[in-house]
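2 protein chains.
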Amino acid sequence: MNKVYINQSFEPIASPILSANTYSQIAVLVDEHTKKYCYPKVKALLPRHTLIAIKSGEERKNLETCSYIWQQLTDKQFDRKGLLINLGGGVIGDMGGFCAATYKRGIDFIQAPTTLLAQVDASVGGKLGIDFNDFKNHIGVFKEPAAVLIATDFLHTLPAKEIRSGFAEIIKHCLIADATMWEKIRKRDLEKQNWAELVPHSVEIKKRVVAEDPTEKGLRKILNFGHTIGHAVESYFLKQPRKKLLHGEAIAIGMICESYISHKRDFLDEQALYHIEEFIFSIYGKAKITSQDAEAIIPLMMQDKKNEKGTIQSVLLQGIGNPVYDQKLSLAEIKEAIHYYSN
Amino acid sequence: MNKVYINQSFEPIASPILSANTYSQIAVLVDEHTKKYCYPKVKALLPRHTLIAIKSGEERKNLETCSYIWQQLTDKQFDRKGLLINLGGGVIGDMGGFCAATYKRGIDFIQAPTTLLAQVDASVGGKLGIDFNDFKNHIGVFKEPAAVLIATDFLHTLPAKEIRSGFAEIIKHCLIADATMWEKIRKRDLEKQNWAELVPHSVEIKKRVVAEDPTEKGLRKILNFGHTIGHAVESYFLKQPRKKLLHGEAIAIGMICESYISHKRDFLDEQALYHIEEFIFSIYGKAKITSQDAEAIIPLMMQDKKNEKGTIQSVLLQGIGNPVYDQKLSLAEIKEAIHYYSN
Numbered sequence: 001m002n003k004v005y006i007n008q009s010f011e012p013i014a015s016p017i018l019s020a021n022t023y024s025q026i027a028v029l030v031d032e033h034t035k036k037y038c039y040p041k042v043k044a045l046l047p048r049h050t051l052i053a054i055k056s057g058e059e060r061k062n063l064e065t066c067s068y069i070w071q072q073l074t075d076k077q078f079d080r081k082g083l084l085i086n087l088g089g090g091v092i093g094d095m096g097g098f099c100a101a102t103y104k105r106g107i108d109f110i111q112a113p114t115t116l117l118a119q120v121d122a123s124v125g126g127k128l129g130i131d132f133n134d135f136k137n138h139i140g141v142f143k144e145p146a147a148v149l150i151a152t153d154f155l156h157t158l159p160a161k162e163i164r165s166g167f168a169e170i171i172k173h174c175l176i177a178d179a180t181m182w183e184k185i186r187k188r189d190l191e192k193q194n195w196a197e198l199v200p201h202s203v204e205i206k207k208r209v210v211a212e213d214p215t216e217k218g219l220r221k222i223l224n225f226g227h228t229i230g231h232a233v234e235s236y237f238l239k240q241p242r243k244k245l246l247h248g249e250a251i252a253i254g255m256i257c258e259s260y261i262s263h264k265r266d267f268l269d270e271q272a273l274y275h276i277e278e279f280i281f282s283i284y285g286k287a288k289i290t291s292q293d294a295e296a297i298i299p300l301m302m303q304d305k306k307n308e309k310g311t312i313q314s315v316l317l318q319g320i321g322n323p324v325y326d327q328k329l330s331l332a333e334i335k336e337a338i339h340y341y342s343n
Numbered sequence: 001m002n003k004v005y006i007n008q009s010f011e012p013i014a015s016p017i018l019s020a021n022t023y024s025q026i027a028v029l030v031d032e033h034t035k036k037y038c039y040p041k042v043k044a045l046l047p048r049h050t051l052i053a054i055k056s057g058e059e060r061k062n063l064e065t066c067s068y069i070w071q072q073l074t075d076k077q078f079d080r081k082g083l084l085i086n087l088g089g090g091v092i093g094d095m096g097g098f099c100a101a102t103y104k105r106g107i108d109f110i111q112a113p114t115t116l117l118a119q120v121d122a123s124v125g126g127k128l129g130i131d132f133n134d135f136k137n138h139i140g141v142f143k144e145p146a147a148v149l150i151a152t153d154f155l156h157t158l159p160a161k162e163i164r165s166g167f168a169e170i171i172k173h174c175l176i177a178d179a180t181m182w183e184k185i186r187k188r189d190l191e192k193q194n195w196a197e198l199v200p201h202s203v204e205i206k207k208r209v210v211a212e213d214p215t216e217k218g219l220r221k222i223l224n225f226g227h228t229i230g231h232a233v234e235s236y237f238l239k240q241p242r243k244k245l246l247h248g249e250a251i252a253i254g255m256i257c258e259s260y261i262s263h264k265r266d267f268l269d270e271q272a273l274y275h276i277e278e279f280i281f282s283i284y285g286k287a288k289i290t291s292q293d294a295e296a297i298i299p300l301m302m303q304d305k306k307n308e309k310g311t312i313q314s315v316l317l318q319g320i321g322n323p324v325y326d327q328k329l330s331l332a333e334i335k336e337a338i339h340y341y342s343n
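Residue numbers (full-length UniProt numbering), protein chains in the order written: chain A, 1 to 343; chain B, 1 to 343.
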């Protein structure tokens, strides 16, 4: 967990690690976007290596794609001293990490996140996995990468939509851990945010929380703020091609709903709820969620990994910067919150 | 690793653990054999639970069966506080353990090995995994079970062939770690072996080695004696239905071949080689391996997980009880050893 290196460009953080190369073989996992926009900046820094290219998209984060990756490593006769570098967003990092962690019972991997979302969230904390049927990250393991190399230059390669998606996790980190930074970011447009400040800030919060509770027995659960409802919303819309939502867009919805429930329980005052809503709507707009959609979304929450014994567990806010976890939600509360969001 | 409990019957070792039940749900994984012969002895001891039944056989130790197990856990809404009890041989333990270790990034599992092979080998040491295409245990993780419950009574349910297969690992443990016990067992027929003594003896050797080197960076490799050649022989014959070999039968072949190579390198004297051959042939007979078979077997060794940088690594004996690991084998040596075995 101390092996997170952040810099504007990739070269100064990658070179010290890769020049001390003790690996028998190296592979770089990319999708069509990172192959085109990021790999050229990385290629020259690497010793002889294999490129493994998969198609982008959450809908490909599954066992079938894992089989393809495992087969590529097998065909190239990767042994246990091999290294896989995951160059891409959350899908590449989660799935590539899972494949590395399970190939021959585990080879080293390096996370080289290229999206804002992956830089401030997915690449730190050792959660790896793939989707299984309707369920996000249902199959996976906890394992730390050999290193996380975060080059903020890669953010320039991203479409605005991707930046917006990643920003949701930054908002989350502020809401659960830093009221001062929250006051700062909520007064700026998305275009005015300072990534050179916010990326390390988010990484520090996440590292601190994960270090205290690596396998999510307790404190780490606070990182799931917005995710109980948000994940279910994301899973639901994944099946509805006409209105697909990016992860952060779904989490933004989840944060409003869970803030509303926090307010209804008298944990969060009205003004704070208002600020959260106002800022999130200004960036993400409002997704259309009908009451029919809501009916289909709720059962998906039952499979959330944070649940225990058939209840739906979530994180609520007792004021900005002060989260509480293991909060049971009732179905009525969830319905009301989604209704509140939509109206 | 201290959680290995051995007793003649299942009840006294299982009850203390299962009565302190802190699990939200329990599932028992069985195959058609353990469902019939072992599950009835276990059922009454368990609180309410789910039975997950799969078909037996190494050829089903694959991703497809994992998907079935994951789906069963999902359908029953198992959460992270669920428990999976793997009641069966090596396939059930390795695959059930892998499914538990990856379901929602890991739930607890208990190994309840019912075969001699699983009791003295597979259930101890935290190696979990499944086969992938032609490659044995190619996808997996290292993870310790919550407990290992070894009831030697289950051995009475086994056909002689299964006892013979498991005995190969006991022979291996003696050859790599206890010359005195080797002298004792090699002078007895299979029917005269004392399982109540040999099972805890083998478990102790394995536990000691694994405790020193859980992820097989060094010492643990000695447990692979007989397996470099044996695994490849097993993989090869898995595809040849007319002459399928059990794991231990293949390892027995591997131990003769690797002992022969040890002798050719002047590590092992002729008499020791002769004793090994004599005893193994007396129990396992001699499998027919043609030179054509040998040609097909050798490439399979290239994918062995113990290899590094394209070489074939094995464990040799510098005398009984004194193994050396990281010994590179040449293709010529391997060919000669298989030829020696067959002639």
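All residues carry an ideal CB built from backbone N, CA and C; glycine is no exception.
Pro145 (chain A) places its beta carbon less than 7 Å from that of Gln111 (chain A). Fully contained in the UniProt domain "3-dehydroquinate synthase N-terminal" (52 to 164) of chain B are the following alpha helix (DSSP H) runs of length 4 or more, in chain order: 63 to 75, 90 to 102. Partner residues in the beta bridge of Leu316 (chain B), as assigned by DSSP, are B:Val324. DSSP places Asp293 (chain A) in the uninterrupted alpha helix (DSSP H) bounded by 291 to 301.
Nearest to Ile107 (chain A) by alpha-carbon distance, out of A:Thr22, A:Glu278, A:Ser56, is A:Thr22. In terms of beta-carbon proximity, Glu308 (chain B) lines the interface with chain A, with at least one pair separated by less than 7 Å. Looking at the DSSP output, Asn7 (chain A) bridges to A:Ala151. Residues of chain B with a Cβ closer than 7 Å to the Cβ of Met302 (chain A) are, in chain order, Gln77.
In the DSSP annotation of this structure, the continuous segment of the beta strand (DSSP E) that includes Ile26 (chain A) starts and ends at 26 to 31. In this model, Ala332 (chain B) and Phe281 (chain B) are separated by some 24 Å (Cα to Cα). Put simply, the CB of Arg105 (chain B) is near chain A, with a gap under 7 Å to one of its CB atoms. When secondary structure is reduced to three states using DSSP, Leu198 (chain B) falls in the helix class. Here Leu329 (chain B) is bridged, per DSSP, to B:Ile312.
Rounded to the nearest angstrom, the Cβ distance from Glu169 (chain B) to Gly248 (chain B) is 6 Å, consistent with a contact under 8 Å. Residue burial annotation: Glu234 (chain B) is buried, with at least 16 other C-beta atoms found within 10 angstroms of its C-beta.
Pairwise C-beta distances place the segment 210 to 226 of chain A out of contact with the segment 288 to 297 of chain A, as fewer than three of them are shorter than 8 Å. Against chain A, the beta carbon of Phe135 (chain B) has neighbours under 8 Å at Thr74, listed in chain order. For Glu183 (chain B), the uninterrupted alpha helix (DSSP H) segment begins and ends at 179 to 185.
In this structure, Glu258 (chain A) keeps its C-beta atom at 7 Å or more from the C-beta atom of Ile298 (chain A). Buried is the label assigned to Glu162 (chain B), since at least 16 other Cβ atoms lie within 10 Å of its Cβ. At a C-beta separation below 9 Å, Arg80 (chain B) has these neighbours in chain A: Glu216, Lys305, Lys306, Asn307, Glu308.
Restricting attention to alpha helix (DSSP H) runs no shorter than 4 residues, the segment 217 to 241 of chain B encloses them at 227 to 238, ordered along the chain.
Here Tyr260 (chain B) is buried. Its C-beta has 16 or more other C-beta atoms within 10 Å. The C-alpha of Asp178 (chain A) is placed about 8 Å away from the C-alpha of Ile320 (chain A). Cβ neighbours of Ser342 (chain B) within its own chain (closer than 6 Å, five residues either side excluded): Ile289. For Thr102 (chain A), a Cβ of chain B is located within less than 7 Å of the residue's own Cβ. Taking C-beta atoms as the reference points, Phe267 (chain B) and Leu316 (chain B) count as a pair closer than 7 Å. A direct Cα-Cα distance of roughly 49 Å separates Pro241 (chain B) from Thr114 (chain A).
Looking at the DSSP output, Thr50 (chain A) bridges to A:Ala27. Ranked by Cα distance from Pro200 (chain B), the first of B:Lys61, B:Ile130, B:Ser123, B:Glu64 is B:Ser123. Look at Trp182 (chain B): its C-beta is not under 7 Å from any C-beta on chain A.
DSSP places Thr34 (chain B) in the helix class (H, G or I) of the three-state scheme.
For Tyr284 (chain B), the closest C-alpha among the options B:Arg164, B:Arg80, B:Glu64 is that of B:Arg164. For Leu190 (chain B), there are no neighbours in chain A by C-beta distance under 9 Å, as the nearest C-beta there is about 32 Å away.
Legend: CB atoms of the segment 48 to 74 of chain A lying less than 8 Å from CB atoms of chain B belong to residues Leu63, Ser67, Trp70, Gln71, Thr74. With contacts defined as CB atoms closer than 7 Å, Ala101 (chain A) and Lys41 (chain A) fail to qualify as a contacting pair.
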